[in-house]
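Colleague:
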Amino acid sequence: MQKIEKRVSPKGPFVVIVGPTAVGKTKVSIDVAKEMDSEIVSADSMQIYEHLDIGSAKPDVIEQDGVKHHMLDCIPLDYSYSVAQFQSDARNSINSIINKGRLPIVVGGTGLYVHALTHDIDFTRVVGDEDYRKQLEAISEEKGKEFLHNMLIEKSLDRAKNIHPNNVKRVIRALEILNDDSVKNNDTYDFEKPLHGIDFTIIGLNMDRQQLYDRINLRVDIMIEDGLIDEVESILASGFSKDLVSMQGIGYKEIIEYLEGIVTLGQAIYNIKKASRRLAKKQITWFKRDKRIKWWDLSDQDYCGATNEVIEYINDWRMSI
RNA sequence: GCCUCGGUAGCUCAGUCGGUAGAGCAAGGGACUGAAAAUCCCUGUGUCGGUGGUUCGAUUCCACUCUGAGGCA
Numbered sequence: 020m021q022k023i024e025k026r027v028s029p030k031g032p033f034v035v036i037v038g039p040t041a042v043g044k045t046k047v048s049i050d051v052a053k054e055m056d057s058e059i060v061s062a063d064s065m066q067i068y069e070h071l072d073i074g075s076a077k078p079d080v081i082e083q084d085g086v087k088h089h090m091l092d093c094i095p096l097d098y099s100y101s102v103a104q105f106q107s108d109a110r111n112s113i114n115s116i117i118n119k120g121r122l123p124i125v126v127g128g129t130g131l132y133v134h135a136l137t138h139d140i141d142f143t144r145v146v147g148d149e150d151y152r153k154q155l156e157a158i159s160e161e162k163g164k165e166f167l168h169n170m171l172i173e174k175s176l177d178r179a180k181n182i183h184p185n186n187v188k189r190v191i192r193a194l195e196i197l198n199d200d201s202v203k204n205n206d207t208y209d210f211e212k213p214l215h216g217i218d219f220t221i222i223g224l225n226m227d228r229q230q231l232y233d234r235i236n237l238r239v240d241i242m243i244e245d246g247l248i249d250e251v252e253s254i255l256a257s258g259f260s261k262d263l264v265s266m267q268g269i270g271y272k273e274i275i276e277y278l279e280g281i282v283t284l285g286q287a288i289y290n291i292k293k294a295s296r297r298l299a300k301k302q303i304t305w306f307k308r309d310k311r312i313k314w315w316d317l318s319d320q321d322y323c324g325a326t327n328e329v330i331e332y333i334n335d336w337r338m339s340i
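Going from the first sequence to our numbering is simple: count from 1 and add 19.
(1) In the structure shown, what three-state DSSP assignment does SER61 receive?
(2) Short of 7 Å in beta carbon distance, which residues of its chain neighbour TYR151, apart from the five on each side in sequence? Order them along the chain.
(3) In chain order, which continuous runs of the beta strand (DSSP E) of length 3 or greater are located wholly inside the segment 178 to 252?
(4) Along the chain, where does the beta strand (DSSP E) that runs through ASP316 open and close?
(5) Taking LYS53 as the reference, give the member of THR326, VAL239, ASP240, MET338 with the closest Cα.
(6) Could you have a look at PHE166 and say whether DSSP puts it in helix, strand or coil?
(7) Counting pairs of Cβ atoms below 8 Å between the segment 326 to 336 and the segment 157 to 169, do you hit three or more?
(8) Does the distance from the CB of MET55 to the CB of LEU122 come in under 9 Å?
(9) Among residues of its own chain, excluding the 5 on either side of ASP50, which ones have a beta-carbon nearer than 7 Å to its beta-carbon?
(10) Taking one C-beta from the segment 216 to 235 and one from the segment 309 to 316 each time, how about it: are there three or more such pairs within less than 8 Å?
(11) Report the CB separation of PHE259 from LEU71 in whole angstroms; it is logged as a contact under 8 Å.
(12) What are the start and end residues of each continuous alpha helix (DSSP H) run of 4 or more residues lying completely inside the segment 264 to 307, in chain order?
(13) Roughly how many whole angstroms lie between the Cα atoms of GLN267 and LYS261?
(14) Of the residues LYS46, GLU58, VAL60, which one's Cα is nearest the Cα of GLU82?
(15) Could you compute how far the alpha carbon of ASN290 sits from the alpha carbon of ARG297?
(16) Does DSSP classify MET20 as helix, strand or coil?
(17) Would you call PHE33 buried or exposed, if buried means 16 or more other Cβ atoms sit within 10 Å of its Cβ?
(18) Name the residue from GLU156, TYR232, PHE142 whose alpha carbon lies nearest to the alpha carbon of ASP209.
(19) Tell me PHE33's beta-bridge partners as DSSP assigns them.
(20) Can you list, in chain order, the residues of its chain with a C-beta nearer than 6 Å to that of ILE236? Leave out the 5 residues immediately preceding and following it.
(21) Mind checking whether ASP92 and ILE67 have CB atoms under 9 Å apart?
(22) Who does HIS88 pair with in a DSSP beta bridge?
(23) Terminal residues of the continuous beta strand (DSSP E) containing GLY127?
(24) Taking the straight line between their C-alpha atoms, what separation do you get for VAL190 and GLY85?
(25) Only counting the same chain, and skipping five residues up and downstream in sequence, which positions put a Cβ closer than 6 Å to that of LYS30?
(26) Could you compute how far the alpha carbon of ILE287 sits from the alpha carbon of VAL80?
(27) Measure the Cβ-Cβ separation of VAL239 and ILE275 and say whether it is below 9 Å.
(28) Secondary structure at HIS138, three-state DSSP: helix, strand or coil?
(29) Exposed or buried, which one is PHE105 when buried takes at least 16 other CB atoms within 10 Å?
(30) Can you give me the start and stop residues for the alpha helix (DSSP H) that SER73 sits inside?
(31) Can you name, in chain order, every residue of its own chain whose Cβ lies under 6 Å from the Cβ of SER64, other than the five neighbours on each side?
(32) With 16 other CB atoms within 10 Å as the buried threshold, where does PHE306 fall?
(33) Taking 8 Å as the cut-off, does the CB of ALA62 come closer than this to any heavy atom belonging to the ligand FMN?
(34) Quick check on ILE94: does DSSP put it in helix, strand or coil?
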């Protein structure tokens, strides 16, 4: 675990486009960016990795259509990236775009990453403490998950009531934060703390659930046709371990199971589709509760109309700030 | 034409010796502070093929009927 040297604050206004996987964020955002002479900052925890091209649905150079993309295809596969680092790196990207006099458009489906960019959360304060974590893991093993959770209740009932005792990973991290001296006497460690002084607007894209699922299923079939299996084989042949965090992404872990003979190709494809549908559902759940989002419905494939409306909306918003 | 076995949740099927039903998968809802495509929690969604009959009461028993599979002609 490494410490992020300095906290980065965004310098100026930016746009955010969110939505579930396969809804059409990439297409809409590139069209909008071209129209507005913008650059895109990706907020996607998988597309950020190198070599995860087909399976992460990363836009290639042709699809990018001349629009400059940041935070895409830039982290080595064997590096364990994190939201803290993303917050810092993405804000640097945003600021570099603003320095060019352009409007940054953040695009992505990773809710926590977007949350970190659009709230005043300071991840630099509490660094991971491996020894303390091991100690807590040992307590969980020996005395049980409930015992560990009770420790959290004693320190902060507020934090404890939103974390289920079975979610040991979360309980440990919460204890780690509360154990840090800088947090102990500081009640401003607020997940929802607004980002003051910076104007931004969040646009959400969604569509009829069944239509979205049809698109997901079709896209998985296309990924297989485009050579997802070769992509996974070549990653493994390059010496990367299947245990890497990056290789737990949807489309990768399932193909690895197929390559290892655990499941048939048909089952692997079925599993990828299922996991993708569940991802979309979770993303919708995450974004639904964010009342700042202005939603557009992309059902029935009306991309042109929606894109024009979004452009108009952004123009109006810019005039108002 | 005759015989046999089926028809119950989106799918595959249990089950009720008569008191309006439950598993798996699929699905839905939710939590979220340094792995977030991660981690974790909650939920059965139903004209029991149709119409009659027997019964206090039928998804269950009976008759007819529609429908699927197999067998015999």
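Even for Gly, the Cβ is constructed at its ideal location relative to N, Cα and C. None of the values given here were measured: they were computed from a predicted structure.
Modeller: On the basis of the supplied data:
(1) As a working note, residue 61 is residue 42 in the first sequence. Strand, per DSSP.
(2) For the purposes of this step, residue 151 is taken as the residue at position 132 of the first sequence. Once the five neighbours on either side are set aside, the close Cβ partners of TYR151 are GLU195, ASN198.
(3) Positions of the beta strand (DSSP E) runs, each at least 3 residues long and wholly inside the segment 178 to 252, are given as 219 to 225 in order along the chain.
(4) Stepping through the first sequence from its first residue, residue 316 is reached at position 297. Element bounds for ASP316: 312 to 316.
(5) Indexing the first sequence from 1 puts residue 53 at position 34. Comparing Cα positions, the closest option is THR326.
(6) Numbered from 1 along the first sequence, position 147 holds the residue referred to as residue 166. If DSSP states are grouped into helix, strand and coil, PHE166 belongs with the helices.
(7) Taking a cut-off of 8 Å on C-beta distances, the segment 326 to 336 does not touch the segment 157 to 169, as fewer than three cross pairs fall below it.
(8) Against the first sequence, residue 55 aligns to sequence position 36. Against the first sequence, residue 122 aligns to sequence position 103. Yes, Cβ-Cβ distance for MET55 and LEU122 is below 9 Å.
(9) Taking the first sequence and counting its residues from 1, one reaches residue 50 at position 31. Cβ neighbours of ASP50 beyond the five flanking positions: THR326.
(10) Taking 8 Å as the limit for Cβ pairs, the verdict is that the segment 309 to 316 does touch the segment 216 to 235.
(11) Translated into positions along the first sequence, residue 259 becomes position 240. Translated into positions along the first sequence, residue 71 becomes position 52. Not quite, the Cβ-Cβ distance comes to about 10 Å (not below 8 Å), so this is no contact.
(12) Correct list: 271 to 278, 284 to 307.
(13) By one-based count along the first sequence, residue 267 stands at place 248. By one-based count along the first sequence, residue 261 stands at place 242. One C-alpha to the other measures close to 8 Å.
(14) Within the first sequence, residue 82 is the residue found at index 63, counting from 1. Selection LYS46, GLU58, VAL60 evaluated against GLU82 yields LYS46 as nearest (Cα-Cα).
(15) Position 271 of the first sequence, counting from 1, holds the residue named residue 290. Position 278 of the first sequence, counting from 1, holds the residue named residue 297. ASN290 and ARG297: Cα-Cα distance of roughly 11 Å.
(16) Taking the first sequence and counting its residues from 1, one reaches residue 20 at position 1. Residue placement at MET20 cannot be trusted, given a pLDDT of 36 that sits under 50; what the coordinates show is reported in the next sentence. The answer is coil: DSSP assigns MET20 none of H, G, I, E or B.
(17) Indexing the first sequence from 1 puts residue 33 at position 14. With 16 or more other Cβ atoms within 10 Å, it is buried.
(18) The residue given as residue 209 occupies position 190 in the first sequence. Selected option, being the one with the closest Cα: PHE142.
(19) By 1-based counting over the first sequence, the position of residue 33 is 14. Beta-bridge pairing links PHE33 to PHE219.
(20) Residue numbering aside, residue 236 sits at position 217 when the first sequence is read from its first letter. It should be noted that the sequence gives Asn, not Ile, for residue 236. Counting only Cβ-Cβ distances below 6 Å, and skipping sequence neighbours, we find LYS292.
(21) The residue you call residue 92 lines up with position 73 of the first sequence. The residue you call residue 67 lines up with position 48 of the first sequence. For ASP92 and ILE67, yes; Cβs fall inside 9 Å.
(22) Here residue 88 refers to the residue found at position 69 of the first sequence. DSSP, once it has assigned bridges, lists ILE59 as partnering HIS88.
(23) Stepping through the first sequence from its first residue, residue 127 is reached at position 108. Segment 123 to 127, the beta strand (DSSP E) holding GLY127.
(24) Reading the first sequence from its first residue, position 171 is the one you call residue 190. Reading the first sequence from its first residue, position 66 is the one you call residue 85. Separation of VAL190 and GLY85 (C-alpha to C-alpha, rounded to the nearest whole angstrom) is 44 Å.
(25) Your numbering for residue 30 matches position 11 in the first sequence. So the qualifying residues of the chain are ASN114, ILE117.
(26) If you number the first sequence from 1, residue 287 lands on position 268. If you number the first sequence from 1, residue 80 lands on position 61. Per the sequence shown, the amino acid found at residue 287 is Ala instead of Ile. Whole-angstrom Cα-Cα distance: 28 Å.
(27) Counting from one through the first sequence, the residue named residue 239 turns up at place 220. Counting from one through the first sequence, the residue named residue 275 turns up at place 256. The answer is no: Cβ separation not under 9 Å.
(28) Stepping through the first sequence from its first residue, residue 138 is reached at position 119. In the three-state scheme derived from DSSP, where H, G and I count as helix and E and B as strand, HIS138 is classed as strand.
(29) Taking the first residue of the first sequence as 1, we reach residue 105 at position 86. By the neighbour-count rule (16 or more Cβ atoms within 10 Å), PHE105 is buried.
(30) Mapped onto the first sequence, residue 73 falls at position 54. Correcting the residue identity first, residue 73 is Ile in this sequence and not Ser. Counting along the chain, ILE73 falls outside any alpha helix (DSSP H), and DSSP gives it neither H nor E.
(31) Numbered from its first residue, the first sequence carries residue 64 at position 45. THR129, listed in sequence order.
(32) Taking the first sequence and counting its residues from 1, one reaches residue 306 at position 287. Result: buried.
(33) The ligand content of the structure shown is nil, which means the ligand FMN is not present either.
(34) Taking the first residue of the first sequence as position 1, residue 94 is located at position 75. If DSSP states are grouped into helix, strand and coil, ILE94 belongs with the strands.
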